[in-house]
């Protein structure tokens, strides 16, 4: 009996017959083979066949689900002709993890931990710094400030002030974005109109201000009075602010701005904190040209 | 010869195939599930260990998914899927040859001479895995397709694209090689301690 497989030229004829008969193929003649030897070989190969055919443990359902899901997901990432169903499949990234170099994995983990720690420290430092200052910053602090200051009276200017507490970018105000004080003819009436504004009423005494601090670690809020002048700056920058500051050195933060018709001339009314004197300074400048027409302590 | 495959296409399966080819992922899901156990069985026996079998199974499923539109129905779907799976397993074996084998995957006979063994079944399975691993894939594939899936020579011939006579002789040679290898690795019967029921 000759072998028909070049890879198995030395196949034992008895094994070939025994194996074939085991599979139900009786086309090969036993010839002069010893029946007892043939039966023994058949029994031996049957045991091997049974071992190979023994059911294997199927992976858990979760693994099966993951395999099938990954296969279906590969549809979206595959391009036409990428796989040859009759040939060998293209190399793919298996969903089941294979051992990979551990040092790379640890480096990635370490880098991620350092990055998270840095970001956390930065956020914590920013919050601590901004919340503890008297110019309250951040939404949480702003809410606390308004809740502990019953004099808060939200008006246009107050809103601007509030925005200033949460923002850092200044905008140049135009006349239509500032509150209008109307027609005033004298310094006294101008002062009265300014003092009547909600934003100014909320902080009537420049030498007394409320300092709110919020300790995030203990979730406690502390309120203290100081003698520092009110230095809550406006977010907006009126058009004449720069020119006025150039003309009047030593001005503090701009705490209020409005427009008015002062002595029949359209003006910007600017109120600055006077840090040295512990008071406010009111300056009125013509809208056209920023010529100062009034300058006195409020 | 026992035949556990379907030589004629089940109408329900044909419907699934048609829908899957049209892009119905539910049908594709169902189709893959219905063949999963056979696919994994081939891969487990072909690769000789669980991890490589899982990798090869994943590769086979992806290849089947991506190639489903090319299945033309000339062969049974099972035959086509076994061909794809066998190729995925052979690819996995080729890749495994190229990469360093983790220590845990190296088949090592750690049994001390004369030491008792807890479970003969476990020993047999380890010996079988070791013997299959040592067997050349050219012989392993037909043996696995015959003994795991119950394919007849003609079907194995179709899957592996080799003549039926070659299938027969390779199976005979493969079985003999396995028997020899397993007998070589088996401890003497007197040292085997069967677990009490």
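Protein chains in written order, with the working numbering: chain A, 1 to 298; chain B, 1 to 197. Ideal placement from N, C-alpha and C gives every residue a C-beta, glycine not left out.
**Exposure label - residue 53 of chain A; buried when at least 16 CB within 10 Å** = buried
**Asked** Which chain B residues sit within Cβ distance under 8 Å of residue 117 of chain A?
**Response** Close partners of residue 117 of chain A in chain B (Cβ separation under 8 Å) are lacking, with about 33 Å as the shortest Cβ gap.
**Message:** Considering just the uninterrupted stretch of the beta strand (DSSP E) at residue 32 of chain A, what are its terminal residues?
**Reply:** Taken as a continuous stretch (DSSP letters only), residue 32 of chain A belongs to no beta strand (DSSP E), as it is neither H nor E.
**Asked** residue 47 of chain B: buried (16+ other C-beta within 10 angstroms of its C-beta) or exposed?
**Response** buried
**Asked** Going along chain B in order, which residues have a C-beta closer than 7 Å to the C-beta of residue 34 of chain A?
**Response** Near residue 34 of chain A there are no residues of chain B at all, since even the closest Cβ is about 17 Å away, more than 7 Å.
**Asked** Between residue 203 of chain B and residue 145 of chain B, is the Cβ-Cβ spacing less than 9 Å?
**Response** With chain B covering only 1 through 197, there is no way to say anything about residue 203 of chain B.
**Asked** For the beta strand (DSSP E) that residue 295 of chain A lies in, which residues bound it at each end?
**Response** 292 to 297
**Prompt:** Looking only at its own chain, which residues have a Cβ that is under 7 Å from the Cβ of residue 187 of chain A, when we skip the five neighbours before and after it?
**Reply:** Non-local C-beta neighbours of residue 187 of chain A in its own chain, meaning closer than 7 Å and more than five positions away in sequence, comprise 294, 296, ordered along the chain.
**Message:** Closer than 8 Å to a non-hydrogen atom of the ligand FMN - does that hold for the CB of residue 251 of chain A?
**Reply:** As for the ligand FMN, it is missing from this structure, which has no ligand bound.
**residue 279 of chain A: first and last residue of the uninterrupted beta strand (DSSP E) it sits in** = 279 to 286
**Message:** I'd like the list of long-range same chain contacts for residue 49 of chain A, defined as Cβ closer than 7 Å, with 5 residues on each side in sequence excluded.
**Reply:** 22
**Message:** Looking at chain B, is there any beta carbon in it that lies within less than 9 Å of the beta carbon of residue 109 of chain A?
**Reply:** no
**Item:** Those residues which DSSP pairs with residue 271 of chain A across a bridge
**Value:** Paired residue(s): A/256, A/282.
**Request:** Assuming residue 143 of chain B contacts residue 174 of chain B (C-beta within less than 8 Å), just tell me the rounded distance between them.
**Result:** 4 Å
**Request:** Measure the alpha-carbon distance for residue 17 of chain B versus residue 58 of chain B and round it to whole angstroms.
**Result:** 19 Å
**Asked** Going by C-alpha distance, which of A/246, A/44, A/17, A/14 is nearest residue 178 of chain B?
**Response** Ranking the options by Cα distance to residue 178 of chain B, first place goes to A/44.
**Request:** Give the DSSP-derived three-state secondary structure of residue 163 of chain B in the structure shown.
**Result:** coil
**Asked** Would you call the CB atoms of residue 54 of chain B and residue 40 of chain B closer than 9 Å?
**Response** yes
**Asked** Using a C-beta to C-beta distance shorter than 7 Å, which residues of chain B count as neighbours of residue 29 of chain A?
**Response** For a Cβ distance threshold of 7 Å, nothing in chain B lies close to residue 29 of chain A: the least Cβ distance comes to about 14 Å.
**Item:** is_contact[residue 169 of chain B, chain A] using C-beta, thresh 9 Å
**Value:** yes
**Request:** Report buried or exposed for residue 27 of chain A, applying the criterion of at least 16 other Cβ atoms within 10 angstroms of its Cβ.
**Result:** exposed
**Asked** With distances taken between CB atoms, is the gap from residue 35 of chain A to residue 50 of chain B smaller than 9 Å?
**Response** no
**Asked** Since residue 150 of chain B is in the beta strand (DSSP E), which residue starts that stretch and which ends it?
**Response** Here residue 150 of chain B belongs to no beta strand (DSSP E), and DSSP marks it neither H nor E.
**Prompt:** Of the residues A/260, A/244, A/287, A/63, which one's Cα is nearest the Cα of residue 181 of chain A?
**Reply:** A/260
**Item:** 9 Å Cβ cutoff, residue 114 of chain A in contact with chain B
**Value:** It does not: the Cβ of residue 114 of chain A has no partner Cβ on chain B nearer than 9 Å.
**Prompt:** So, is the C-beta of residue 12 of chain A closer than 9 Å to a C-beta in chain B?
**Reply:** yes
**Residues bridged to residue 36 of chain B [DSSP beta-bridge criterion]** = In DSSP, residue 36 of chain B forms no bridge with anything.
**Asked** To the nearest angstrom, how far is it from the Cα of residue 149 of chain B to the Cα of residue 31 of chain A?
**Response** 31 Å
**Prompt:** Would you call residue 74 of chain A buried or exposed, if buried means 16 or more other Cβ atoms sit within 10 Å of its Cβ?
**Reply:** buried
**Asked** How about residue 172 of chain B and residue 18 of chain A: do their beta carbons lie closer than 9 Å?
**Response** yes
**Asked** Sorted by chain position, which residues of the same chain lie with C-beta nearer than 8 Å to residue 154 of chain B's C-beta, five sequence neighbours on each side aside?
**Response** 164
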